[in-house]
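To start, the structure itself, in structure tokens.
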Amino acid sequence: DAGVIQSPRHEVTEMGQEVTLRCKPISGHDYLFWYRQTMMRGLELLIYFNNNVPIDDSGMPEDRFSAKMPNASFSTLKIQPSEPRDSAVYFCASSQSKQGSGNQPQHFGDGTRLSIL
Amino acid sequence: RKEVEQDPGPFNVPEGATVAFNCTYSNSASQSFFWYRQDCRKEPKLLMSVYSSGNEDGRFTAQLNRASQYISLLIRDSKLSDSATYLCVVNQAGTALIFGKGTTLSVSS
Chain A
698 DAGVIQSPRH
708 EVTEMGQEVT
718 LRCKPISGHD
728 YLFWYRQTMM
738 RGLELLIYFN
748 NNVPIDDSGM
758 PEDRFSAKMP
768 NASFSTLKIQ
778 PSEPRDSAVY
788 FCASSQSKQG
798 SGNQPQHFGD
808 GTRLSIL
Chain B
97 RKEVEQDPGP
107 FNVPEGATVA
117 FNCTYSNSAS
127 QSFFWYRQDC
137 RKEPKLLMSV
147 YSSGNEDGRF
157 TAQLNRASQY
167 ISLLIRDSKL
177 SDSATYLCVV
187 NQAGTALIFG
197 KGTTLSVSS
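Same order as they appear, the protein sequences are chains A and B.
My numbering applies: residue 698 is where the first sequence begins, and numbers increase by one.
My numbering applies: residue 97 is where the second sequence begins, and numbers increase by one.
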């Protein structure tokens with residue numbers, strides 16, 4: 698079975714540039730999550746969707762960050778303009794139900810390692 | 097106070113040792129509890145759920161103390177392959193998962 702697919706795996710760009718991260722969830726999963734992981738702050742939830750609708754975006758750091766899910770098989774996380782402090786690993790995860798209502802695990806993609814110079 | 101707190105370690109133990117990790121959570125309304133494992137430069141993966149009565153999966157035992165808002169993970173007979181970061185995870189009904197920063201385990205031969 699194909700897992701959660703993220704692209705690109707690595708991204709290095711200069712500050713001020715627009716960055717777009719992509720995610721394809723596991724087919725049939727109706728929840729999609731975007732996380733950011735740094736050494737200092739650990740794994741932080743940025744936003745999550747249910748049936749393509751954003752449910753909670755309170756973790757999005759500021760207006761430079763935006764996320765969309767135009768259909769059940771694709772989501773993007775965009776940073777514009779990017780800054781060095783955005784450097785982190787960004788994970789996408791999907792699940793069949795919001796974990797807690799049942800023990801459906803979240804499946805994570807391999808992550809995108811983003812470096813903003 | 098952070099929502100989920102863990103001792104970051106690292107815990108350095110020899111093969112065959114028993115090691116225990118602890119985790120505390122701040123929100124008494126938390127309803128579900130999990131341990132995830134993350135290998136270096138890899139994604140987190142679910143290790144096991146944590147049930148109120150405690151549960152075991154092979155060499156791994158998870159315990160929950162709701163009164164103290166405390167979760168533990170015990171690993172018996174440590175293997176080299178157990179070396180990883182272990183993330184304590186909680187959530188309330190209707191919310192997403194909250195991850196601890198993780199505890200790093202290094203098992204040496």
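Where is the CB? At the ideal position from N, CA and C, for every residue including glycine.
Remember, predicted model here, so these are calculated numbers, not experimental data.
Interface partners of residue i on chain B, CB under 9 Å
i	result
F788 of chain A	E139 and P140
G808 of chain A	R137, K138 and E139
Selected residue, minimal CA-CA separation from residue i, among the options
i	options	result
L201 of chain B	B:F129, B:T120 and B:Q134	B:Q134
I194 of chain B	B:P110, B:P104 and B:T120	B:T120
V759 of chain A	A:I776, A:V750, A:N748 and A:T710	First, the residue type needs correcting, since residue 759 of chain A is Glu and not Val in the sequence shown. Per the Cα distances, A:I776.
K138 of chain B	A:P802, A:L811, A:F788 and A:S794	A:F788
S704 of chain A	A:F762, A:H726, A:L774 and A:A769	A:L774
S126 of chain B	B:V203, B:K197, B:G196 and B:Q188	B:Q188
N208 of chain B	B:V203, B:V146, B:A192 and B:D173	Residue coverage of chain B in this structure runs from 97 to 205, which leaves residue 208 of chain B outside it and unanswerable.
P778 of chain A	A:F746, A:N749 and A:G713	A:G713
Proximal chain A residues relative to residue i, where beta-carbon distance stays under 7 Å
i	result
F195 of chain B	G739 and L740
G229 of chain B	Nothing about residue 229 of chain B can be reported from this structure: the residues present for chain B run from 97 to 205 only.
Assigned exposure category for residue i - 16 Cβ within 10 Å defines buried
i	result
T199 of chain B	buried
M737 of chain A	exposed
G797 of chain A	Low confidence applies to G797 of chain A: its pLDDT is 46, below 50, so where it sits in the model is not reliable enough to give any reading.
W731 of chain A	buried
L743 of chain A	buried
L142 of chain B	buried
G799 of chain A	Any reading at G799 of chain A must be qualified, since the residue scores a pLDDT of 49, below 50, and its modelled position is unreliable; the value itself is stated next. With fewer than 16 other Cβ atoms within 10 Å, it is exposed.
P140 of chain B	buried
Helix, strand or coil at residue i according to DSSP, with G and I counted as helix
i	result
G797 of chain A	At G797 of chain A, the pLDDT of 46 sits below 50, so the modelled position is not reliable and the matter cannot be decided from this model.
P781 of chain A	helix
S177 of chain B	helix
E708 of chain A	strand
S164 of chain B	coil
A158 of chain B	strand
E101 of chain B	strand
Beta carbon of residue i nearer than 9 Å to that of residue j
i	j	result
A790 of chain A	R733 of chain A	no
W131 of chain B	F156 of chain B	yes
I167 of chain B	V115 of chain B	no
M766 of chain A	L718 of chain A	no
F805 of chain A	V716 of chain A	no
H711 of chain A	L811 of chain A	Just to set this straight, residue 711 of chain A is Glu in the shown sequence, not His. No; because the gap between Cβ atoms is not below 9 Å, this pair is not in contact.
P722 of chain A	A769 of chain A	yes
D173 of chain B	G112 of chain B	yes
A192 of chain B	D753 of chain A	yes
Where residue i meets chain A, residues with beta-carbon distance less than 9 Å
i	result
L183 of chain B	G739 and L740
A158 of chain B	Chain A residues near A158 of chain B: none, gap ~13 Å exceeds 9 Å.
Proximal chain B residues relative to residue i, where beta-carbon distance stays under 7 Å
i	result
D753 of chain A	A192
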